[in-house]
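Note that full-length UniProt numbering numbers the sequence shown so that position 78 is 78, with each residue one more than the last. By construction, the Cβ of each residue, glycine as well, lies at the ideal position given by its N, Cα and C atoms.
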Amino acid sequence: MLLLISLPNKSDAADSIQRINDIEYATTPEQRLLLDLYLPRDVKHPPLLVWIHGGAWRAGSKDNMPLTDLVQNGFAVASVEYRLSPVAKFPAQIHDIKAAIRFLRGSAEKYGYNADKIGILGSSAGGHLVALMGVTNGHPQLEGKLGDFDDESSSVQAIVDYYGPTNFMTILPQSTPHGLSVRVPALQLLLGDRPERTPDLAKLASPVFHVDDQDPPLLLIHGDQDPQVPINQSHELHGKYKQHKRDVTFEVIHGAAHGGPEFFDAERTQLVETFLKKHLKK
1 MLLLISLPNK
11 SDAADSIQRI
21 NDIEYATTPE
31 QRLLLDLYLP
41 RDVKHPPLLV
51 WIHGGAWRAG
61 SKDNMPLTDL
71 VQNGFAVASV
81 EYRLSPVAKF
91 PAQIHDIKAA
101 IRFLRGSAEK
111 YGYNADKIGI
121 LGSSAGGHLV
131 ALMGVTNGHP
141 QLEGKLGDFD
151 DESSSVQAIV
161 DYYGPTNFMT
171 ILPQSTPHGL
181 SVRVPALQLL
191 LGDRPERTPD
201 LAKLASPVFH
211 VDDQDPPLLL
221 IHGDQDPQVP
231 INQSHELHGK
241 YKQHKRDVTF
251 EVIHGAAHGG
261 PEFFDAERTQ
271 LVETFLKKHL
281 KK
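(1) Could you check where the alpha helix (DSSP H) with residue 267 kicks off and where it finishes?
(2) Among 69, 70 and 52, whose alpha-carbon lies nearest the alpha-carbon of residue 62?
(3) With C-beta atoms as the reference, is residue 23 less than 8 Å away from residue 35?
(4) Does the Cβ-Cβ distance between residue 134 and residue 156 come in under 8 Å?
(5) Kindly indicate which three-state DSSP category residue 96 falls into: helix, strand or coil?
(6) Would you call the CB atoms of residue 227 and residue 186 closer than 8 Å?
(7) With distances taken Cα to Cα, identify the nearest neighbour of residue 31 among 260, 235, 81 and 225.
(8) So residue 37 is in the beta strand (DSSP E); what residue range does that whole segment cover?
(9) Roughly how many angstroms separate the alpha carbons of residue 241 and residue 161, rounded to a whole number?
(10) Can you give me the C-alpha to C-alpha distance between residue 148 and residue 37, rounded to a whole angstrom?
(11) Does the stretch 42-51 come into contact with the stretch 102-118, if we say contact requires no fewer than three beta-carbon pairs (one atom in each stretch) closer than 8 Å?
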């Protein structure tokens, strides 16, 4: 059953946003897979964004959706849950998200948004997953077979990666001791072992190894004092995009660490909105 509720976090949000909770987009042996849909009221066929939460692939929730300002400015947002690494190892996470994209395309008429072009956004582990989504459109090993919308495309047309890992073969050598204390157990859970001991799977899971001349526009946002995901991870993906002459923007937030309100302040929200309007509203 679909549940409609009002958003309490802004005074005018209840009037401007309709939220539909816990829409089932696929099922797996481990769990039902759900998403929440945020629709701007009085906007016909708004462009669709997909939000992927962080949490080191082993935690986090679709309930933490920081793009309310974009919904109020006329975008629809689907906040998607995926199987976490204690439940299922990679590539389960990317199979889930690709299934969500197919479901959302197949359900566009039902819910009233425009899914011809989809933007995907995420932070930290979610940033890694959205970058991987964008550079693996149609990848046979990563597509998966979940859900009831096999005829729909799982491709996305714009990516916003907030401080996500991009190369599992280099992230540990780049990391601080604090970063290693977080990243080593997280990657062991995700991949089944350290990346150097599972190099084929680690490369399959690393966006930098998939970049080609067909990839969609990318916006990277990273703090230069990030103690958990080194900023060099975004530099690597930025460099690959430049090498292939793809559309890429790299926003460095000086003094910023791993997350924080500055990533979603008015300045950065305007940057993201301008980027998405350019690539989704043509």
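Reading from the atomic positions:
(1) 266-280
(2) For residue 62, the nearest C-alpha among the options comes from 52.
(3) In this structure, the beta-carbon distance from residue 23 to residue 35 falls below 8 Å.
(4) Contact: yes.
(5) helix
(6) no
(7) Cα-wise, what sits closest to residue 31 is 81.
(8) 32-40
(9) 13 Å
(10) 19 Å
(11) yes
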